[in-house]
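Accompanying notes for the structure given below.
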Amino acid sequence: MSDTDSQAIVHDDAPLSTSKHPNDAVDRATTELLEAKGDTLIGRTVTINRPRAELFAYWRNFTNLSSFMDNIVSVDVRDAKTSHWVVKAPGGKTVEWDAVITEEKDGETIAWASTEGADVPNSGRIDFRDAGARGTIVTATIVYDPPAGVVGKVIAKLFQREPAIQARRDLRRFKQLMETGEIATASRTRKQLEEEKA
9 MSDTDSQAIV HDDAPLSTSK HPNDAVDRAT TELLEAKGDT LIGRTVTINR
59 PRAELFAYWR NFTNLSSFMD NIVSVDVRDA KTSHWVVKAP GGKTVEWDAV
109 ITEEKDGETI AWASTEGADV PNSGRIDFRD AGARGTIVTA TIVYDPPAGV
159 VGKVIAKLFQ REPAIQARRD LRRFKQLMET GEIATASRTR KQLEEEKA
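Here the sequence shown is numbered in the numbering used here, starting from 9 and rising by one per residue.
See the structure below:
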């Protein structure tokens with residue numbers, strides 16, 4: 009690798025998960041996350057046609073996250089920096105951990121790391137950047153250790169509970185909720201089915 013190539017990696021502002029040098033991206037992510045927990049890197053980005061401050065405020069109230077994150081059972085906010093998460097896992101099980109905010113810049117960034125003893129050690133950050141007339145670019149970068157290692161990751165993919173799959177879906181649902189006030193779904197609710205039968 010030439011000096012120019014290595015400089016390009018250092019100064020690249022693309023999401024870390026899109027790096028052409030995955031090992032460098034994981035190393036850079038763990039450095040940027042302050043307290044990296046995990047060795048599997050995922051990242052997703054979406055542009056949402058809403059003001060940055062509004063999106064940040066909605067996300068920062070962690071009790072709102074279950075309104076668009078399908079796998080979250082609950083988030084219990086313990087204090088200004090600590091929260092307890094209960095998340096669905098494959099096979100009808102749940103996993104739990106406490107998370108601590110490691111960095112926060114109002115309207116721009118929320119970074120966290122799970123505490124010791126987490127069922128799924130993880131850390132990450134959500135970044136909000138202005139996109140001019142298009143609204144806000146929201147980027148999620150997450151580093152985690154899947155339960156049961158590689159086997160657990162394969163099982164999670166089969167059950168559609170793998171964080172990379174969920175991150176893409178969750179950001180899409182966040183976009184829908186913030187732009188339209190609701191989340192579109194192709195499935196019918198029990199009430200809709202009962203009304204059709206009547």
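Backbone N, C-alpha and C define an ideal beta-carbon position, used for all residues, glycine too. Small disclaimer: the values here were computed from a predicted structure and weren't measured.
- Looking at the backbone, the Cα of W105 and that of A61 are separated by about 28 Å.
- Bridge pairing for K96: T102 [DSSP].
- Around the C-beta of V81, fewer than 16 other C-beta atoms lie within 10 Å, and the residue is accordingly described as exposed.
- Beta-bridge annotation (DSSP): V108 is paired with T90 and A121.
- Sequence-distant partners of V94 (beyond 5 residues in either direction) whose C-beta falls short of 6 Å from its own C-beta, in its chain, are V81, S82, T102 and E104.
- Taking each of D153, F70 and R180 in turn and checking the Cα distance to E124, the smallest one comes out for D153.
- A residue is called buried when at least 16 other Cβ atoms come within 10 angstroms of its Cβ; R52 meets this threshold and is buried.
- Taking each of K96, D138 and W120 in turn and checking the Cα distance to S131, the smallest one comes out for W120.
- When the five nearest sequence neighbours on each side are left out, the beta carbons in the same chain lying within less than 8 Å of the beta carbon of R142 are those of T55 and N57, in order along the chain.
- Checking the DSSP bridge columns, you'll see D135 partnered with T117 and T147.
- V54 has V146 as its beta-bridge partners, per DSSP.
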